[in-house]
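*Asks:*
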Amino acid sequence: MRLTALPALSDNYIWVLAGDDGRALIVDPGEPGPVLAAAADGLVPEAILLTHHHNDHIGGTAALLERWPQIPVYSPQDERIAEATQRLGEGARFDAAGHAVRILEVPGHTRSHIAYVIDDGPDGAPLAFTGDTLFSLGCGRLFEGTPAQMLASLDRLAALPDPTRVCCGHEYTLSNAAFARVVDPDNPALRRRIEQAQAMRNAGLATLPVTLAEERATNPFLRSRAPALVAAVAARLGRAPADEVETFAELRSWKDGFRA
77 MRLTALPALS DNYIWVLAGD DGRALIVDPG EPGPVLAAAA DGLVPEAILL
127 THHHNDHIGG TAALLERWPQ IPVYSPQDER IAEATQRLGE GARFDAAGHA
177 VRILEVPGHT RSHIAYVIDD GPDGAPLAFT GDTLFSLGCG RLFEGTPAQM
227 LASLDRLAAL PDPTRVCCGH EYTLSNAAFA RVVDPDNPAL RRRIEQAQAM
277 RNAGLATLPV TLAEERATNP FLRSRAPALV AAVAARLGRA PADEVETFAE
327 LRSWKDGFRA
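Take 77 as the starting number for the sequence shown in our numbering and just add one per residue.
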């Protein structure tokens, strides 16, 4: 079994989970070219999994269906995804390319965003394809959802087992790191992650996937209840935040306007 992040567009990843025979799941094909190139080397797409309706995640789907018209396309329950053959919600399960896949609804970035979880990934570690909900050292902007929804969605993802590999939709780790080090400057695990990510990018490597355990230790949006993060938000507000939702909301708002 092989997990590959195919670079696409400017900073997207198309995730491919392929068996030794080349049969593969394709997650969030924002453009067709990388998948078609991989097919020339033996990849055989058996299903397409879409996390949300944004074009940089679904834009290549129609072209892939022209090449492989019979493969199923799984998506959230969202009519804006015209190519979907099966629209799925919370708790749904299906088998594809030899894998059992389950759905978590994780709204916030969009109202219908879902994540796909596979419990039998490479080396036995679970995989979570999180789209634009959870990034390494960050989370998605709130285009359609509320802070309370996004916080609940991140809590759901954070409850997955420690070894879970987070497979998100963008190479944002270093840009997220610039904000994380401002709001959580005394976190040694964060400093180590930033050094690691910088070395990986210098070597031309993806910073993903990353374990959920590492994200819980370093990602400010998974640590929004930690005293250091609450204190940072309180200093910015000039008062203590009213509750955990306000803490998270202010942290996300701070990130929206942040410039390194």
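From the three backbone atoms N, C-alpha and C, an ideal C-beta is built for every residue, glycine too.
None of these values were measured; they are calculated from a predicted model.
(1) Taking the Cβ atom as the reference point for each residue, do residue 219 and residue 125 lie within a distance shorter than 9 Å?
(2) Give, in chain order, every unbroken run of the alpha helix (DSSP H) that is at least 4 residues long and sits entirely within the region 204-235.
(3) Just to confirm, are residue 222 and residue 216 a CB contact at a threshold of 9 Å?
(4) Quick check on residue 162: does DSSP put it in helix, strand or coil?
(5) Can you tell me the Cβ-Cβ gap for residue 152 and residue 140, rounded? I've got them flagged as a contact below 8 Å.
(6) Would you mind reading off the limits of the beta strand (DSSP E) that contains residue 175?
(7) Check whether the region 163-171 and the region 89-108 are in contact - that is, three or more C-beta pairs closer than 8 Å.
(8) Identify which residue in 244, 319 and 253 has its Cα closest to the Cα of residue 302.
(9) Counting only beta-carbon separations shorter than 9 Å, does residue 160 have a partner in chain C?
(10) Relative to the alpha-carbon of residue 180, which residue among 214, 128 and 146 has its alpha-carbon at the smallest distance?
(11) Could you say if the region 321-329 and the region 292-300 meet the contact criterion of at least three C-beta pairs nearer than 8 Å?
(12) Just to check, is the beta-carbon of residue 249 closer than 8 Å to a non-hydrogen atom of the ligand ATP?
(13) Between the beta-carbon of residue 229 and the beta-carbon of residue 284, is there less than 9 Å?
(14) With distances taken Cα to Cα, identify the nearest neighbour of residue 234 among 214, 249 and 247.
(15) Could you tell me which residues DSSP puts in a beta bridge with residue 151?
(16) Between 253, 323, 178 and 267, which lies nearest to residue 227 when the distance is taken from Cα to Cα?
(17) For residue 182, which option in 232, 100 and 157 has the closest C-alpha, if you only look at C-alpha atoms?
*Replies:* Let me lay it out:
(1) Locating residue 219 in the sequence shown gives position 143, counting from the first residue. Locating residue 125 in the sequence shown gives position 49, counting from the first residue. Cβ atoms of residue 219 and residue 125: not closer than 9 Å.
(2) Listed in chain order, the complete alpha helix (DSSP H) runs (minimum 4 residues) inside the region 204-235 are 223-234.
(3) The residue you call residue 222 lines up with position 146 of the sequence shown. The residue you call residue 216 lines up with position 140 of the sequence shown. Cβ distance not < 9 Å, so residue 222 and residue 216 don't count as in contact.
(4) As a working mapping, residue 162 is identified with position 86 in the sequence shown. It is a strand residue.
(5) Residue numbering aside, residue 152 sits at position 76 when the sequence shown is read from its first letter. Residue numbering aside, residue 140 sits at position 64 when the sequence shown is read from its first letter. Their Cβ separation, rounded to whole angstroms, is 18 Å, which puts residue 152 and residue 140 out of contact at 8 Å.
(6) On the sequence shown, position 99 is the one that residue 175 refers to. Counting along the chain, the beta strand (DSSP E) containing residue 175 begins and ends at 175-181.
(7) The region 163-171 is not in contact with the region 89-108.
(8) Locating residue 302 in the sequence shown gives position 226, counting from the first residue. Out of 244, 319 and 253, 319 has the C-alpha closest to the C-alpha of residue 302.
(9) The structure shown contains no chain C; it is built from a single protein chain.
(10) The residue labelled residue 180 in the question sits at position 104 within the sequence shown. With distances taken between Cα atoms, residue 180 lies closest to 128.
(11) Yes, since at least three Cβ pairs between the region 321-329 and the region 292-300 fall closer than 8 Å, the two stretches touch.
(12) By its list of ligands, the structure shown contains no ligand whatsoever, and the ligand ATP lies outside what it can speak to.
(13) The sequence position of residue 229 within the sequence shown is 153, counting from 1. The sequence position of residue 284 within the sequence shown is 208, counting from 1. The Cβ atoms of residue 229 and residue 284 do not sit closer than 9 Å to each other.
(14) The sequence position of residue 234 within the sequence shown is 158, counting from 1. Measuring from the Cα of residue 234, the nearest candidate turns out to be 214.
(15) Along the sequence shown, one-based indexing puts residue 151 at 75. Looking at the DSSP output, residue 151 sits in a beta bridge with 163.
(16) Position 151 of the sequence shown, counting from 1, holds the residue named residue 227. With distances taken between Cα atoms, residue 227 lies closest to 323.
(17) Within the sequence shown, residue 182 is the residue found at index 106, counting from 1. The option with the nearest alpha carbon to residue 182 is 232.
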